[in-house]
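So the sequence lines, in the order shown, correspond to chains C and L.
Letter by letter, the first sequence follows residues 5 to 415 in this note's numbering.
Letter by letter, the second sequence follows residues 1454 to 1858 in this note's numbering.
Each residue gets a CB set at the ideal place from its N, CA and C atoms; glycine is no exception.
Here is the structure we will look at, set down as structure tokens.
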Amino acid sequence: MENRLPFTGLKVLEFAVNAAGPLVGKLMSDFGAEVITVENREHIRVHGGGRQPSAKSANLTSMNMGAFANKYNFNKLSIALNMKHPSGLAAAKRLASISDVVLDSFRPDVLEKWGMTYPELAKLNPAIIMIRMPTMGDGGPYKYYRSTSWVLMGLSGLNAASGTPDKMPVCPSATSLPDVHCNPFHAALALVGALYHRSQTGKGQFIELSQFESTVSITETAVFGYLANGKLPERMGNRLEYAAPHGVYRCLGQDQWCAIAAFDEDEWHSLCHVMGRDDLLQDARFGSLAARQKNAGELDRIIEAWTEMRPAMGVMESLQKAGVRAGMVQNVEDLLLRDPHLRERGHWVTVPHPEAGKLVGEGWGFRFMDGPKPRFERPPLLGEHNDYVLGQILKMPEEEINQLIIDGVID
Amino acid sequence: MGSAPGLLSGLKVLDLTDQNGVYCCKLLANMGADVIKIEPPGGHPMRNIGPFFHDERHPEKSLYWFHMNTSKRSVTLNLDTPEGKKLFKKLVAEADVLVETTSPGQPEAMGLGYQTLSELNPRLVMASITPFGQTGPWSEYKSCDLVALAAGGLMSLCGWPDEAPQRIAGSQAYHQTSMQAALGIMVALFDRLATGRGVHIDVSMHESIPVTMLASAPNYLSMGEVRKRDGDGHEQPAYGTFACKDGHVDCRLFNANWDDFVGWLDHDGMAGDLKEARWKDPFFRRQKDSVAHIDVLFRAFLAKHTKKEVYESGQDRGIQVGAINTAKDVTEDRQLAARNYFVDVEHPELGTTLKYLGAPFKMSETPWAIRGRAPLIGEHNTEVYVKELGLTPRKLAGLKKAGVV
Chain C
5 MENRLPFTGL
15 KVLEFAVNAA
25 GPLVGKLMSD
35 FGAEVITVEN
45 REHIRVHGGG
55 RQPSAKSANL
65 TSMNMGAFAN
75 KYNFNKLSIA
85 LNMKHPSGLA
95 AAKRLASISD
105 VVLDSFRPDV
115 LEKWGMTYPE
125 LAKLNPAIIM
135 IRMPTMGDGG
145 PYKYYRSTSW
155 VLMGLSGLNA
165 ASGTPDKMPV
175 CPSATSLPDV
185 HCNPFHAALA
195 LVGALYHRSQ
205 TGKGQFIELS
215 QFESTVSITE
225 TAVFGYLANG
235 KLPERMGNRL
245 EYAAPHGVYR
255 CLGQDQWCAI
265 AAFDEDEWHS
275 LCHVMGRDDL
285 LQDARFGSLA
295 ARQKNAGELD
305 RIIEAWTEMR
315 PAMGVMESLQ
325 KAGVRAGMVQ
335 NVEDLLLRDP
345 HLRERGHWVT
355 VPHPEAGKLV
365 GEGWGFRFMD
375 GPKPRFERPP
385 LLGEHNDYVL
395 GQILKMPEEE
405 INQLIIDGVI
415 D
Chain L
1454 MGSAPGLLSG
1464 LKVLDLTDQN
1474 GVYCCKLLAN
1484 MGADVIKIEP
1494 PGGHPMRNIG
1504 PFFHDERHPE
1514 KSLYWFHMNT
1524 SKRSVTLNLD
1534 TPEGKKLFKK
1544 LVAEADVLVE
1554 TTSPGQPEAM
1564 GLGYQTLSEL
1574 NPRLVMASIT
1584 PFGQTGPWSE
1594 YKSCDLVALA
1604 AGGLMSLCGW
1614 PDEAPQRIAG
1624 SQAYHQTSMQ
1634 AALGIMVALF
1644 DRLATGRGVH
1654 IDVSMHESIP
1664 VTMLASAPNY
1674 LSMGEVRKRD
1684 GDGHEQPAYG
1694 TFACKDGHVD
1704 CRLFNANWDD
1714 FVGWLDHDGM
1724 AGDLKEARWK
1734 DPFFRRQKDS
1744 VAHIDVLFRA
1754 FLAKHTKKEV
1764 YESGQDRGIQ
1774 VGAINTAKDV
1784 TEDRQLAARN
1794 YFVDVEHPEL
1804 GTTLKYLGAP
1814 FKMSETPWAI
1824 RGRAPLIGEH
1834 NTEVYVKELG
1844 LTPRKLAGLK
1854 KAGVV
């Protein structure tokens, strides 16, 4: 059956690096939009996966081996355009004038300097939708402050609410959570919403996502609880007020762990039974949720004595088969190579790539049953679509394109 | 409260979610949809989740409930009764979207599967949010925020290397799944404009999480690196979480800002030997001894300043540094205040107005807005069942007596 995609025929012009903006563009390109990402050679650092030069990645200096680009640019078109050259800027504005969406996750002053603000673009193209994702928002005293995702985790109150009181706030360096979580997802939701609105009314609009505000919005009751009651959230680590046990337990082998949680008496009974510890059901220390909370330390030690003799996947499966919530802490290799569920559902899709050999595309958390399926075409090489974008989309004559090459506007 | 019509105004959403979907429906409600929260008679179990207003444990005082159900209406309905199912089908016939979090196969077992419902209403977009998805070897398994963070991989990146992986506060697996669900629904609604038909969306919590692992997958493929939790960083100078005079800050110093950084410390006369030319070499700075040396100087500088001073003076020099704000600090943040981020919502029953978290994004034509506090248990039974579905008041009273509503 033909895979009819919802965004076929839509054009998105993307100015974005790192993860948050490109992931919004990826939603559009995965589902059929023609997404043109405007790149240039100066992006090497962020294309390299956000890593600074190190011995480890020194052999990965090709512009086409960047981890971010190769994860988030699936199905996109790449044009390598020197925006500092007037002809480069002019080409970008022409592209904007025929695009449905302009996506901007650069610093707030960049597109402003280029004169590519929403009012300017709306003059060229009244139905345009522009979405900007400035870190701190489009105004306010901190408008030009620059923050990584880690800084945002701290500013939003999430870090201070995480972890345990005896340690520094947890700020996971190994991922930059808001960049791949609330910020692109809130932004993509607003963007598709704006397209929905435009389809019905013909009207474009301006969307502004402050990455700071978007992150505060997912603090649940950590900040709201303070607003209502004047109380700071308790730092509970892996524990939870309304479930016990609720923790992550060491399993057999090197750095192997399994999360286990019991939210009611049935789950608690099943857990004891699987552990071969029906005796605990008679133990007053664990006779109710309140009692288990009170004696959580002892309970955790009893559970860990059982888990640490067993492989994490075995713990997960034996508990799940008995109706207990359990999940092995899977690392990226587990997810890519071993997770039988992701494999059967086709979550990862391997595609060939001329420089990387192969890349893995990732599906979404939602899928349309008997409906459109996301595309998995490999990410473009830098500037791979210069000719197509200028010649086919902008209908620029060949001599004009050649002049741009001579002038160093495209490469 | 009250503002321009929202993006989804005119659309009806039935909210049959627990914690794993409630934020999805909050987003849709604040985008203007008429979201009807369907609760079992007596109230939804989520009303027992704290904290509670003034710490008074009561189903009408859960701050979790308040936060997650803004702008929604509530009806009570017992879906285990034939009358309840009949009423539900009437609601479905009028609805645009149904979001539900029962386990795979359960709607069918109740006679309320997508097939049945879409025959009643072919335009229905139905999102089924489950721990692992409708199919696959783990589809029957149960989950929760903690288990999803673990199995989905995010937790492998969070915490300290010498202890158990840690969760991040605020139910981030539930949030991620809800955002994926809302996005899927929005794409389906957009597509419905072209096809005129709804669709069944299979939302898997397990499959929602791996995207949060940043570039772990491509880095694994290209370098064989299995990224693990490494605390808060510190593989580079001034890179991670640091104590200061009154709390903590997070600083991420990049090569391009080295001179700004030295100038920052030097302003207090605390740059030590960092002005010497050899420190300009980024490879030299990344050596273990170099990191330690720079961080000693940085910590001494930080000990003299509050987190707010560090945040503002560092950022004014272009350095990516921020305060690790407590909840209280967030409520006092100058930027959020200047942009009127927090929103007042009236609670007449509590005799007060509470401040809420505001919009995650701003749309010029179709603003996100909180249009009212979370509903009381069954607050809109009469409005929905009598005024909108056309039941007689007597019939409603009878259903109440029979425990259906």
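Straight-line Cα distance separating residue j from residue i
i       : j       : result
C/A295  : C/R289  : 6 Å
C/A20   : C/Q286  : 59 Å
C/Y148  : C/R111  : 8 Å
L/G1771 : L/N1710 : 7 Å
L/S1571 : L/A1647 : 17 Å
L/D1615 : L/A1791 : 42 Å
L/V1763 : L/L1789 : 18 Å
C/C186  : C/M157  : 11 Å
C/D415  : C/G387  : 7 Å
C/G229  : L/L1516 : 7 Å
C/A300  : L/H1507 : 26 Å
L/P1801 : C/C175  : 39 Å
C/F11   : C/M32   : 7 Å
C/E43   : C/N22   : 12 Å
L/Y1692 : C/D104  : 40 Å
L/V1552 : L/K1760 : 43 Å
C/E321  : C/L340  : 19 Å
C/G36   : C/S153  : 29 Å
Nearest-angstrom Cβ-Cβ length linking residue i and residue j, presumed shorter than 8 Å
i       : j       : result
L/L1829 : L/E1509 : Their Cβ separation, rounded to whole angstroms, is 15 Å, which puts L/L1829 and L/E1509 out of contact at 8 Å.
C/G208  : C/A126  : 7 Å
L/L1849 : L/E1536 : That belief does not hold up - the Cβ atoms of L/L1849 and L/E1536 are roughly 11 Å apart, past 8 Å.
C/G327  : C/E271  : 7 Å
L/V1578 : L/I1638 : 6 Å
L/K1681 : C/N335  : 7 Å
L/A1622 : C/A165  : 4 Å
L/H1833 : L/V1528 : 6 Å
C/T223  : L/L1810 : 7 Å
Below-7 Å beta-carbon distance, residue i vs any chain L residue
i      : result
C/H185 : yes
C/P145 : yes
C/H190 : yes
C/E6   : no
C/G119 : no
C/H351 : yes
C/W272 : no
C/P10  : yes
C/H345 : yes
C/S109 : no
Proximity below 7 Å, CB of residue i to CB of residue j
i       : j       : result
L/A1482 : L/S1524 : yes
L/M1867 : L/P1584 : There is simply no residue 1867 of chain L to check, as chain L begins at 1454 and stops at 1858 in what is shown.
C/V355  : C/F380  : yes
L/R1738 : L/G1651 : no
L/N1473 : L/T1569 : no
C/V252  : L/P1618 : yes
L/G1496 : C/E245  : no
C/H250  : C/A265  : yes
C/T168  : C/G241  : yes
L/S1661 : L/Q1633 : yes
L/A1822 : C/K75   : no
L/L1599 : C/A263  : yes
C-beta neighbour in chain C for residue i, strict 7 Å
i       : result
L/T1779 : yes
L/A1791 : yes
L/F1714 : no
L/G1775 : yes
L/P1813 : yes
L/M1666 : yes
L/W1879 : Past the boundaries of the shown model lies residue 1879 of chain L; chain L is included only from 1454 to 1858, so the question cannot be answered.
(request) Give, in chain order, every residue of the region 209-231 of chain C whose Cβ lies closer than 9 Å to some Cβ of chain L. (result) Contact residues of the region 209-231 of chain C toward chain L are Q209, F210, I211, E212, L213, S214, F216, E217, S218, T219, V220, S221, I222, T223, E224, T225, A226, V227, F228, G229, Y230 and L231 (C-beta to C-beta distance below 9 Å).
(request) Residues of the region 1607-1634 of chain L with a CB closer than 8 Å to any CB of chain C: list them in chain order, please. (result) L1607, M1608, S1609, L1610, C1611, G1612, W1613, A1617, P1618, Q1619, R1620, I1621, A1622, G1623, S1624, Q1625, H1628, Q1629, T1630, M1632, Q1633 and A1634
(request) Can you give me, in chain order, the residues of the region 308-342 of chain C that have a beta carbon less than 8 Å from any beta carbon in chain L? (result) M320, Q324, G327, V328, R329, A330, G331, M332, V333, Q334, N335, V336, E337, D338, L339 and L340
(request) Select from the region 275-286 of chain C all residues with a C-beta closer than 8 Å to any C-beta belonging to chain L, and list them in chain order. (result) Within the region 275-286 of chain C, no residue has a Cβ that lies closer than 8 Å to any Cβ of chain L.
(request) Mind checking the region 24-43 of chain C against chain L and listing, in chain order, the residues whose C-beta falls within less than 8 Å of any C-beta there? (result) L27, L31 and F35
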